[in-house]
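Below: the structure, in structure tokens.
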Amino acid sequence: MGKQVRKVVIPAAGLGTRFLPITKAQPKEMLPVVDKPVIQYVVEEAVASGIDDIIIITGRNKRAIEDHFDRCIELESKFPTNSNSEATNAFVDLTDIPNIHYIRQRQPRGLGDAILLTEKHCNDEPFVVLLGDTITIAPDNEKTCTSQMIDAYQKYGQSVIAVEPVPDIKIPDYGIIDGEQLEERLYQIKNIVEKPAIDDAPSNLGAIGCYLFTSEIYEQLKVTTPGKGGEIQLTDAIKKLSRSLGMVTNCRRYDIGDKIGWMKAFFELALAREEFHDDLMCILQEKVCNGKIK
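Going from the sequence shown to our numbering is simple: count from 1 and add 114.
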């Protein structure tokens, strides 16, 4: 059985160039999805999974992330502490989040480098990595994506990479695993190929940006040669792990990596909210006719 998993690393140092001009003055991770920034969904996923030690990797112009999770006495003072308003509850939810630690990645040297910066903090413990621009939503009354990875780790004592079946046309955008099935939705990884051509892909199972690593990943990152742009690729280090698992979760994933992905997440998660659903459906019925805007 594996050790208790208490830590999560959230890389959030990217420049967000695909969202310009909206990200010129604000982090991509702070883009709103309905009424919360993307990174708050990620932090809430970790907390809901029983993790109480959160490390966010930031860079220049990311101060808004720290401010968001900090106390704001000026705003809080405008709402009675005993009220049950939406605003008061929002403040309470943020206050309940455990302490968050911030580590700055001073140079854009890739995801592998960002994770390597956390070695001293994680102190030889297993830890989860959740990308700061990826939202996962579990079905009602089911475990989070992170909890599912923790269960697999507790059973097998190996690093776990969350994967999902991807359409053929999307295969060149993913790290694709070559695995041997151990049980339903769980594979022993033999290899992982970064962004293969469709005909060269060993499967259609692509990594979705949620990971659980043992401390072995640090040793492999240290000996990983930087690639294009001087970046240390996480996939290259995963290939060198002595053992790792690929797990197909039953969660919906929203990749806020580009504007369409962001709009899809905003739209679908807004429709899932009871207070917005009917009004949004009325708007759609008014504006959309046979797939065309009137």
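Ideal Cβ positions, reconstructed from N, Cα and C, are used throughout, including at glycine.
- [ ] Excluding the 5 residues preceding and the 5 following Arg223 in the sequence, name in chain order all residues of the same chain whose CB lies nearer than 8 Å to its CB.
- [x] Here residue 223 refers to the residue found at position 109 of the sequence shown. Around Arg223: Pro340, Gly344, Glu345, Ile346.
- [ ] Ignore the nearest five residues each way along the sequence and tell me which others in Pro310's own chain have a CB closer than 8 Å to its CB.
- [x] Counting from 1 along the sequence shown, the entry for residue 310 is found at position 196. Apart from sequence neighbours up to five positions away, the residues of its chain that approach Pro310 with a beta-carbon distance below 8 Å are Ile285, Pro286, Ile290, Pro316, ordered along the chain.
- [ ] Could you say which of Met263, Asn175, Phe183, Ile229 lies nearest to Lys138 if we only look at CA atoms?
- [x] In the sequence shown, counting from the first residue as 1, residue 138 sits at position 24. Nearest of Met263, Asn175, Phe183, Ile229 to Lys138, Cα basis: Asn175.
Task: Range covered by the beta strand (DSSP E) that runs through Ile249 - done: As a first step, residue 249 must be located in the sequence shown, where it is residue number 135. Here the beta strand (DSSP E) through Ile249 covers 248–251.
- [ ] Could you tell me the distance, in whole angstroms, from the CA atom of Ser356 to the CA atom of Tyr270?
- [x] Here residue 356 refers to the residue found at position 242 of the sequence shown. Here residue 270 refers to the residue found at position 156 of the sequence shown. If I take the Cα positions, the gap works out to 13 Å.
Task: CB of Ala160 within 8 Å of CB of Val122, strictly - done: By 1-based counting over the sequence shown, the position of residue 160 is 46. By 1-based counting over the sequence shown, the position of residue 122 is 8. Contact: yes.
Open item on the list: For the beta strand (DSSP E) containing Lys269, name the first residue and the last one.
Closed with: Locating residue 269 in the sequence shown gives position 155, where the first residue counts as 1. For Lys269, no beta strand (DSSP E) run applies; the uninterrupted alpha helix (DSSP H) run containing it begins and ends at 259–270, by DSSP.
Task: Simplified DSSP assignment, three categories, for Val152 - done: Stepping through the sequence shown from its first residue, residue 152 is reached at position 38. For Val152, the three-state secondary structure derived from DSSP is helix.
Task: Span separating the alpha-carbon of Pro253 from that of Leu319 - done: Walking along the sequence shown from the start, residue 253 turns up at place 139. Walking along the sequence shown from the start, residue 319 turns up at place 205. Straight across, the Cα-Cα distance linking Pro253 with Leu319 is about 21 Å.
Task: Option in Ile217, Pro281, Leu245 with minimal Cα separation from Tyr155 - done: On the sequence shown, residue 155 is found 41 positions in, with the first residue counted as 1. Minimum Cα distance to Tyr155 is reached at Leu245.
Task: Collapsed DSSP secondary structure at Ile291 in the structure displayed - done: For the purposes of this step, residue 291 is identified with residue 177 of the sequence shown, where counting begins at 1. Strand, per DSSP.
- [ ] Ignore the nearest five residues each way along the sequence and tell me which others in Lys117's own chain have a CB closer than 7 Å to its CB.
- [x] Here residue 117 is taken as the residue at index 3 of the sequence shown, counted from 1. Hits under 7 Å: Glu239, Pro240.
Open item on the list: Per the DSSP calculation, Phe327 is bridged to which residue(s)?
Closed with: Locating residue 327 in the sequence shown gives position 213, counting from the first residue. Phe327 is bridged to Phe241.
Task: For Gly226, three-class secondary structure by DSSP - done: The count along the sequence shown starts at 1 and reaches residue 226 at position 112. Here Gly226 sits in helix by DSSP.
Open item on the list: DSSP has Thr137 in a bridge; who is on the other side?
Closed with: As a first step, residue 137 must be located in the sequence shown, where it is residue number 23. DSSP lists no beta-bridge partner residue for Thr137.
TODO: Going by CA-CA distance only, name the one from Arg218, Ile229, Met361 that's closest to Glu278.
DONE: For this step, residue 278 is matched to residue 164 along the sequence shown. Glu278 has its Cα closest to that of Met361, out of Arg218, Ile229, Met361.
TODO: Provide the residue(s) that pair with Gly360 in DSSP beta bridges, ordered along the chain.
DONE: Indexing the sequence shown from 1 puts residue 360 at position 246. Gly360 pairs with Ile275, Tyr301.
- [ ] Just the C-alpha distance for Gly323 and Glu143, rounded to the nearest angstrom, thanks.
- [x] Residue 323 sits at position 209 when you count from the first residue of the sequence shown. Residue 143 sits at position 29 when you count from the first residue of the sequence shown. So the two alpha carbons sit approximately 14 Å from each other.
Open item on the list: Only counting the same chain, and skipping five residues up and downstream in sequence, which positions put a Cβ closer than 6 Å to that of Tyr301?
Closed with: For the purposes of this step, residue 301 is taken as the residue at position 187 of the sequence shown. Annotation for Tyr301: Gly293, Gln295, Gly360 place their beta carbon closer than 6 Å to its own, counting only its chain and skipping 5 residues before and after.
Task: Val157, buried or exposed, once every other Cβ within 10 Å from all chains shown has been counted against 16 - done: Within the sequence shown, residue 157 is the residue found at index 43, counting from 1. Residue burial is scored here from C-beta neighbours: Val157 has at least 16 other C-beta atoms within 10 angstroms and is therefore classed as buried.
Open item on the list: Please state the DSSP three-state secondary structure of Pro286.
Closed with: Within the sequence shown, numbered from 1, the residue matching residue 286 stands at position 172. Correct three-state label for Pro286: helix.
- [ ] Count the other CB atoms, across all protein chains shown, that sit within 10 Å of the CB of Ala386; report buried if there are 16 or more and exposed otherwise.
- [x] The residue you call residue 386 lines up with position 272 of the sequence shown. Under this definition Ala386 is an exposed residue.
Open item on the list: Under DSSP, the beta strand (DSSP E) around Lys373 begins and ends at which residues?
Closed with: Working through the sequence shown from its first residue, we reach residue 373 at position 259. For Lys373, there is no enclosing beta strand (DSSP E); the residue is part of the alpha helix (DSSP H) that begins and ends at 373–385.
Task: Between the CA atoms of Arg177 and Ile217 - distance to the nearest angstrom - done: Counting from one through the sequence shown, the residue named residue 217 turns up at place 103. Counting from one through the sequence shown, the residue named residue 177 turns up at place 63. Within the model, the alpha-carbon separation for Ile217 versus Arg177 is close to 12 Å.
Open item on the list: Excluding the 5 residues flanking Ala127 on each side, which residues of the same chain have their C-beta closer than 8 Å to its C-beta?
Closed with: The residue you call residue 127 lines up with position 13 of the sequence shown. Correct list, in chain order: Ile171, Thr172, Gly173, Lys176, Arg218, Gln219, Pro222, Ala228.
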